[in-house]
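Student:
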């Protein structure tokens, strides 16, 4: 059995392109439709009610594109709206949190796990049983392309201090932006701490599901990728390519939600 | 002549409360209706098209409240949508840029004026004839309440370096957030450089207009203040009071725009 419909992915902004990068690596033939809600990014500082409303609008847009599954490539949206979307949508929904948490618990030796993320993600308690620390300034730094230097190092040092005190052995990067700075995070938290990248794990999770259900594409050529955003600025391509790790092949269109 | 209708003010978020603070000081009897578009803040990183759309929605909301004038307490919205709002609305519209620029030109001795602001404000060219430098990370730092310390000092040093090189004698704080950190800005740019606070100037500008037109309120008691936001989180009160400089007296209500 095959299923040639596209995989749908949404994120509050462009950070979710790190998930697209992983999907392209492991499922190169799949069509992908990405939506970044760039007119309303960031979600991580907003209320639960607003994040749920925005996430439903994002998912509704992807459904109009007849996707076969939806991946929530945003920790904040996964934490605040993941459960509701899974219960209300007609297609399978994957979130970044559940598989990452499972993987962290599998590999942690002492069971001392830390999580870094936006304020909304950490306060949601979705990364249950881990020591959470909100890192609200990391997203702005990364979106500015400031990936090293004194300022971000100072900020990171302050954020990670409580987790170092807890002597964690595993650290979940609970925001799709963070893999971009994983080297300085590893340096600051110490080389013995294992980092968990949810965007790799959710891509694996989706592949496993599609394989088991006979829902992989039947196409043998490279998949078609379409990118939709709710706001388009001149910096879009530059920031998008930073997350994607290569040049954007595919159309970019602006859409209006809500 | 008197006019008891309220003064309407909008901002992308809570930074515009620095204008409310000034208005309360100089026009204590006036009723004030404030709208902060906290569900879609920040505007400074978005496209012109999106900023114009959001600004029109903000102004439309204030008009439903029968305000007598509208103050755009946001440099980004002033830069991108000020002209259009002035031409399309039925009430007088005040922006923060035109009076600040006039004041800067009046007090600058050498005519070497610098402006700091969001990326959208600086790229708009609205602060004509000044040396502009976008400072995109200052708003996130201020909204986090990080108003001093190594990290923000490093960031500020980098941002101000090109203006120091130009030997400016006057610096426009082209974002309503910046007066909150005016001490460290003054320290970094040097004590001889004069800082221009647009939020004081626009409040003066509005008072002058209302006085000349006989549109001041006839009330002799303290004005009524109503605050509306498009998203309400637990941090709202804390951040709002930082900008307002005192406790919030008045109702806060959540509204939906767009």
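Chains as they are written, first to last, in the working numbering: chain A, 85 to 342; chain B, 85 to 342.
Quick reminder that beta carbons are idealized off the backbone N, C-alpha and C, glycines included.
It should be emphasised that the depicted structure is a prediction, and the values quoted were computed from it without experimental measurement.
Scan the segment 163-189 of chain A and note each continuous alpha helix (DSSP H) run of 4 residues or more that stays entirely inside, going in chain order.
Tutor: Qualifying alpha helix (DSSP H) stretches: none in this window.
Student: Quick check: residue 324 of chain A and residue 254 of chain A, are their CB atoms within less than 8 Å of each other?
Tutor: Not closer than 8 Å, so no.
Student: Return the Cβ separation of residue 238 of chain A and residue 287 of chain B in integer angstroms, given the expectation that the two are a contact with Cβ distance under 8 Å.
Tutor: About 36 Å; that fails the 8 Å criterion.
Student: Do you know whose CA, among B/258, B/221, B/251, B/229, lies nearest residue 242 of chain B's CA?
Tutor: Closest option to residue 242 of chain B, Cα to Cα, is B/221.
Student: Keeping to the same chain, check which residues put their C-beta closer than 8 Å to that of residue 151 of chain B; ignore five residues upstream and five downstream.
Tutor: Result list for residue 151 of chain B: 89, 90, 91, 92, 117, 175, in chain order.
Student: Show which residues of chain A have a CB atom less than 7 Å away from the CB atom of residue 48 of chain B.
Tutor: Nothing can be reported for residue 48 of chain B, as the shown portion of chain B is limited to 85 through 342.
Student: So residue 341 of chain B packs on residue 133 of chain B, CB below 8 Å; how close in whole Å?
Tutor: Not quite, the Cβ-Cβ distance comes to about 16 Å (not below 8 Å), so this is no contact.
Student: Return yes when the Cβ of residue 258 of chain B is within less than 8 Å of the Cβ of residue 211 of chain B, no when it is not.
Tutor: Their beta carbons are under 8 Å apart, which means residue 211 of chain B touches residue 258 of chain B by this criterion.
Student: With a threshold of 8 Å between beta carbons, is residue 112 of chain A in contact with chain B?
Tutor: Chain B contact via Cβ: absent.
Student: Going by C-alpha distance, which of B/192, B/191, B/166 is nearest residue 28 of chain B?
Tutor: Look at the range of chain B in this structure, 85 to 342, and you will see that residue 28 of chain B is not part of it.
Student: Just to confirm the assignment: which complete beta strand (DSSP E) runs, minimum length 3, are found wholly within the segment 108-173 of chain B?
Tutor: Entirely contained in the segment 108-173 of chain B, the beta strand (DSSP E) runs reaching 3 residues are, in chain order, 116-120, 153-156.
Student: Closer than 7 Å, Cβ to any Cβ of chain A: which residues of the segment 226-238 of chain B, in chain order?
Tutor: For the segment 226-238 of chain B, which is checked against every Cβ of chain A, the residues closer than 7 Å are 228, 234, 235, 238.
Student: Taking the alpha carbon of residue 159 of chain A as the reference point, which residue from A/201, A/240, A/170, A/265 has its own alpha carbon closest?
Tutor: Considering only alpha carbons, the answer is A/201.
Student: Using only CA atoms, which one of A/122, A/146, A/164, A/147 lies nearest to residue 137 of chain A?
Tutor: Checking every option, the nearest Cα to that of residue 137 of chain A belongs to A/164.
Student: Tell me the DSSP bridge mates of residue 215 of chain A?
Tutor: DSSP lists A/198 as partners of residue 215 of chain A.
Student: Measuring CB to CB, does residue 122 of chain A end up less than 8 Å from residue 100 of chain A?
Tutor: Result no, Cβ atoms of residue 122 of chain A and residue 100 of chain A do not sit closer than 8 Å.
Student: Out of curiosity, what's the CA-to-CA distance linking residue 338 of chain B and residue 247 of chain B?
Tutor: Whole-angstrom Cα-Cα distance: 40 Å.
Student: Let me see if you follow: with CB-CB separation under 8 Å, is residue 246 of chain B close to chain E or not?
Tutor: The structure shown has no chain E; the protein chains it does contain are A and B.
Student: Quick one: what does DSSP say residue 254 of chain A is sitting in, helix, strand or coil?
Tutor: Looking at residue 254 of chain A - three-state DSSP - the assignment turns out to be strand.
Student: Under 8 Å Cβ to Cβ from residue 263 of chain A, same chain only, skipping five residues before and after it: list those, please.
Tutor: The residues are 102, 257, 281, 283.
Student: Which residue wins for smallest C-alpha separation from residue 229 of chain B, given the options B/336, B/326, B/130?
Tutor: It is B/326.
Student: Within 8 Å (strictly less), CB to CB, does residue 342 of chain B reach chain A?
Tutor: Taking Cβ atoms only, chain A reaches closer than 8 Å to residue 342 of chain B, which makes this a yes.
Student: Name the one or two DSSP bridge partners that residue 310 of chain B has.
Tutor: Bridge partners of residue 310 of chain B: B/117, B/335.
Student: DSSP on residue 222 of chain B, reduced to helix/strand/coil?
Tutor: Here residue 222 of chain B sits in helix by DSSP.
Student: Could you tell me how far apart the beta carbons of residue 289 of chain A and residue 183 of chain A are, in whole angstroms, since I believe they sit closer than 8 Å?
Tutor: Indeed they touch by this definition, with Cβ atoms about 4 Å apart.
Student: Can you list the residues of chain A that residue 221 of chain B reaches, using a CB-CB cut of under 9 Å?
Tutor: Those are 221, 224, 225, 228, 230, 235, listed as they occur along chain A.
Student: Output, in chain order, the set of chain A residues within a Cβ distance shorter than 7 Å of residue 202 of chain B.
Tutor: Here the premise fails: no neighbours, minimum Cβ distance about 12 Å.
Student: Is there a Cβ from chain A that is less than 8 Å from the Cβ of residue 217 of chain B?
Tutor: No, residue 217 of chain B does not count as interfacial toward chain A.
Student: Return the bridge partner residues of residue 95 of chain A from the DSSP annotation.
Tutor: In DSSP, residue 95 of chain A forms a bridge with A/120.
Student: So the candidates are B/249, B/208, B/185, B/197; which of them puts its Cα closest to the Cα of residue 161 of chain B?
Tutor: When each option's Cα is compared against that of residue 161 of chain B, the closest is B/208.
Student: Determine, using beta carbons only, whether residue 305 of chain B comes closer than 8 Å to chain A.
Tutor: Not one chain A Cβ lies under 8 Å of residue 305 of chain B.
Student: From residue 245 of chain A to residue 215 of chain A, what distance separates their C-alpha atoms?
Tutor: Going by the C-alpha atoms only, they are around 12 Å apart.
Student: In the structure shown, what three-state DSSP assignment does residue 241 of chain B receive?
Tutor: If DSSP states are grouped into helix, strand and coil, residue 241 of chain B belongs with the helices.
Student: Expressed to the nearest angstrom, what Euclidean distance is found between the alpha-carbon atoms of residue 309 of chain B and residue 333 of chain B?
Tutor: Rounded to the nearest angstrom, the two C-alpha atoms are 7 Å apart.
Student: What residues from chain A crowd round residue 134 of chain B, counting only those whose CB sits closer than 7 Å?
Tutor: In chain order: 123, 315.
Student: Tell me whether residue 304 of chain A sits in a helix, a strand or coil according to DSSP, three-state version.
Tutor: Coil.
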